[in-house]
Amino acid sequence: MGVTMNYSAQLPDLAATENFALAVANQLQAGDVIILTGELGAGKTTFTQGLARGLGITAAITSPTFVLARHHTHPADGLNLVHVDAYRMSGEDELASLDLETALEDSVVVVEWGRGTAEALTDAYLDIELQRPGAVTDELVTDFSDDDVEESRTVLVTGYGPRWEGSSLA
Amino acid sequence: MKHPTVLGIETSCDETGIGIVAGTNLLAHQVASSMDEHVAFGGVIPEIAARAHVTEFLPVLEAALEEANITLDDIDAIAVTAGPGLAGALMVGVSGAKALALATGKPLYGINHLIAHIGVGYLDASGADLTRVNQLGALLVSGGHSEMLKINSLTSDVELLGGTIDDAAGEAYDKVARLIGAGYPGGPVIDKMASQGDGRAFKFPRGLSAPKNMGTRDAPGKDRYNWSFSGLKTAVSRAVEQFKIRDMEIPANDIAASFQEAVADVITKKAVLAATEHDIDHILLGGGVAANSRLRNLLTERTQAAGIGLTIPPINLCTDNGAMVAALGAQLVADGIVPSDLGFSADPTQQVSIISV
Chain F
1 MGVTMNYSAQ
11 LPDLAATENF
21 ALAVANQLQA
31 GDVIILTGEL
41 GAGKTTFTQG
51 LARGLGITAA
61 ITSPTFVLAR
71 HHTHPADGLN
81 LVHVDAYRMS
91 GEDELASLDL
101 ETALEDSVVV
111 VEWGRGTAEA
121 LTDAYLDIEL
131 QRPGAVTDEL
141 VTDFSDDDVE
151 ESRTVLVTGY
161 GPRWEGSSLA
Chain Z
1001 MKHPTVLGIE
1011 TSCDETGIGI
1021 VAGTNLLAHQ
1031 VASSMDEHVA
1041 FGGVIPEIAA
1051 RAHVTEFLPV
1061 LEAALEEANI
1071 TLDDIDAIAV
1081 TAGPGLAGAL
1091 MVGVSGAKAL
1101 ALATGKPLYG
1111 INHLIAHIGV
1121 GYLDASGADL
1131 TRVNQLGALL
1141 VSGGHSEMLK
1151 INSLTSDVEL
1161 LGGTIDDAAG
1171 EAYDKVARLI
1181 GAGYPGGPVI
1191 DKMASQGDGR
1201 AFKFPRGLSA
1211 PKNMGTRDAP
1221 GKDRYNWSFS
1231 GLKTAVSRAV
1241 EQFKIRDMEI
1251 PANDIAASFQ
1261 EAVADVITKK
1271 AVLAATEHDI
1281 DHILLGGGVA
1291 ANSRLRNLLT
1301 ERTQAAGIGL
1311 TIPPINLCTD
1321 NGAMVAALGA
1331 QLVADGIVPS
1341 DLGFSADPTQ
1351 QVSIISV
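Those sequence lines, one after another, are chains F and Z.
Using the numbering used here, the first residue of the first sequence is number 1, and each one after it goes up by one.
Using the numbering used here, the first residue of the second sequence is number 1001, and each one after it goes up by one.
Here it is as structure tokens:
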């Protein structure tokens, strides 16, 4: 399956990450799979929460880490969201045991840490990677108490398969 | 039935627990853990946990019956965790429990794992005297859960006051342990490192504590009693990387202590606030993170200051076990709650409002 779309952007603050998530949400249709990659603290949670809001899902997007997959149902007739953490999955078999194919009929599926396993779900998917730049302060920082500090992210999006051909997130 | 003998089965995560109680009297408490098998992966691997439950189910059952010195005939009812938890792991316990119920003809209760953590407080062995409590509250903190609950009736009415909007507290411990290269499970290793570090060395955020999140007692913000550990995780990751970039040694003990201080502070502050504002005069602590030294000390300090009673059961009753399932089962039977229909299935995301299915 070939690369059909490439997109990258700087997301200077949280609002930009949210807006990016909203832009992605606007493009989605049932059956779409997003493979989401990024180190701890890179903004995967913020992105997924923004994506859910963009889809019109009102439920809280709590971490799927413990239960592996959380199903968030759209309150009306919009797309549902399945949020998966594949970090502890040993392979495609285990992902298959979550029965995501059935969910794909009326949902979009976001798989964190899904590279190497989640590609098997579909013949077209979006690979989204969030990167935090390293800290470049002159001095070592010890006060991180401000939650709202704005930090820039880089997002790299790669679309695979005909589904993403000619599409644009800009 | 006032003092029913109940067999409880717990398989929601990596512990195969089977306990037996008679009313509030603990007769047997057997647990086999597959934790060691998950260490290399830095988290519970569902497939491995489920297989371990299959292997351990019968030996643990036999050990429990032997410890209680009874046979299955002597049991009045069986209780099993129906959810929340890992689907594959839950299924082993539920299937095993159904098989036992069918074979023995005993009634079966599919119960809520979180409420069972509260049910354990009703056992004499928990050290709590709940008879003098007017309004009970429960703080559950574990690898999969962080909740503050108000118990109007253990068997029919438990209210969720607050919970995490992203990671569970124990999950944040595991992830931060990974960031500072401390190993797994994160709770015990960070607690140990923290004891050799300075909790004031770094200032980490207390999520959802800003005035806009908190609101006031009369006009509470929607996250007044909720926690968020996602920003804290990011802050730790920023703290760590500045040392990595400079090729300096990471002050792991100080980061562990400062992280632990942030978690314990925000959990206990919000739990005590929720209790005070809901006339809760006694808090029961449950879940694996109850083993954390800083959380225990700070919660003890703050509940005392607020004039709120506190029970921290022995730690082997706080972590996942079958005795707590049996304890809740005994209360359900005593209150005349109807047993579950055998057609029920495991529910990985069972809500706290569903005490028994």
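Where is the CB? At the ideal position from N, CA and C, for every residue including glycine.
Proximity of chain F to Z:F1204 at the Cβ level (cut-off 8 Å) is accounted for by F144, S145, in chain order. Z:P1220 has Z:G1215 as its beta-bridge partners, per DSSP. Boundaries for Z:I1190: no beta strand (DSSP E) harbours it, while the alpha helix (DSSP H) harbouring it runs 1186–1194, taken from the DSSP string.
Taking C-beta atoms as the reference points, Z:I1255 and Z:I1180 count as a pair closer than 7 Å. For the 7 Å CB-CB criterion, Z:G1322 and Z:G1017 form a contact.
Membership of Z:K1150 in any alpha helix (DSSP H) is not indicated; the residue belongs instead to the beta strand (DSSP E) covering 1146–1153. Per DSSP, Z:H1003 has no beta bridge partner at all. Taking a C-beta distance under 7 Å as the contact criterion, Z:A1346 and Z:M1091 qualify as a contact pair.
If you draw a 10 Å sphere on the C-beta of Z:P1004, you find 16 or more other C-beta atoms in it, and that means buried.
Chain-order list of chain F residues neighbouring Z:K1233: L40, G41, T45, by C-beta distance under 9 Å. Residues of the segment 1215–1247 of chain Z with a C-beta atom less than 7 Å from some C-beta of chain F are S1230, G1231, K1233, T1234, A1235, S1237, R1238, A1239, E1241, Q1242, I1245, listed in chain order. Only those residues of the segment 1152–1174 of chain Z whose C-beta falls short of 7 Å from the nearest C-beta of chain F are listed: T1164, I1165, D1166, D1167, A1168, E1171.
Annotated three-state conformation of Z:G1322 is helix, per DSSP. F:R163: not part of any alpha helix (DSSP H); DSSP gives it neither H nor E. The CB of Z:T1016 never comes closer than 8 Å to any CB in chain F; the least such distance is about 18 Å. For the set F:T4, F:G56, F:F47, the Cα lying nearest the Cα of F:V110 is the one of F:F47. With respect to chain Z, the C-beta atom of F:R163 has no partner C-beta closer than 7 Å.
Between the segment 107–127 of chain F and the segment 32–51 of chain F there are three or more C-beta pairs closer than 8 Å, enough to call the two in contact. Around the Cβ of Z:V1094, a 10 Å sphere holds 16 or more other Cβ atoms; the residue is buried. Comparing alpha carbon positions, the residue from Z:G1199, Z:D1014, Z:V1120 closest to Z:L1317 is Z:V1120. Under the DSSP definition of a beta bridge, F:Y7 partners with F:V157. Taking 9 Å as the Cβ-Cβ cut-off, the segment 89–117 of chain F approaches chain Z at M89, S90, D93, E94, S97, L98, given in chain order. Fewer than three beta-carbon pairs drawn from the segment 159–170 of chain F and the segment 1206–1221 of chain Z are found closer than 8 Å, and the two stretches are therefore not classed as touching. Not a single CB atom of chain Z sits nearer than 7 Å to the CB of F:F20. F:R70 and Z:S1034 have their alpha carbons spaced roughly 24 Å apart. The segment 1272–1285 of chain Z makes contact with the segment 1131–1150 of chain Z: 3 or more CB pairs, one atom from each, lie closer than 8 Å. Proximity of F:V33 to chain Z, defined by a Cβ-Cβ separation below 7 Å, is not satisfied. Secondary structure note for Z:V1080: it is in no alpha helix (DSSP H), and the uninterrupted beta strand (DSSP E) holding it is 1077–1083.
For secondary structure counted as the beta strand (DSSP E) over 3 or more consecutive residues, the segment 1278–1323 of chain Z holds these complete runs in sequence order: 1282–1286, 1309–1311.
Taking 9 Å as the cut-off between beta carbons, the residues of the segment 66–81 of chain F near chain Z are F66, V67, L68, A69, R70, H71, in sequence order. At least one CB of chain Z lies nearer than 7 Å to the CB of F:A60.
Residues of chain Z whose Cβ lies closer than 8 Å to the Cβ of F:T137 are, in chain order, Q1242. At least one CB of chain Z lies nearer than 7 Å to the CB of F:L140. Beta bridge pairing from DSSP links F:V108 with F:L81. Between the segment 1228–1248 of chain Z and the segment 1288–1301 of chain Z, the count of C-beta pairs closer than 8 Å stays below three; the two stretches do not touch. Of the other Cβ atoms in all chains shown, 16 or more fall within 10 Å of the Cβ of Z:M1324; this residue is therefore buried.
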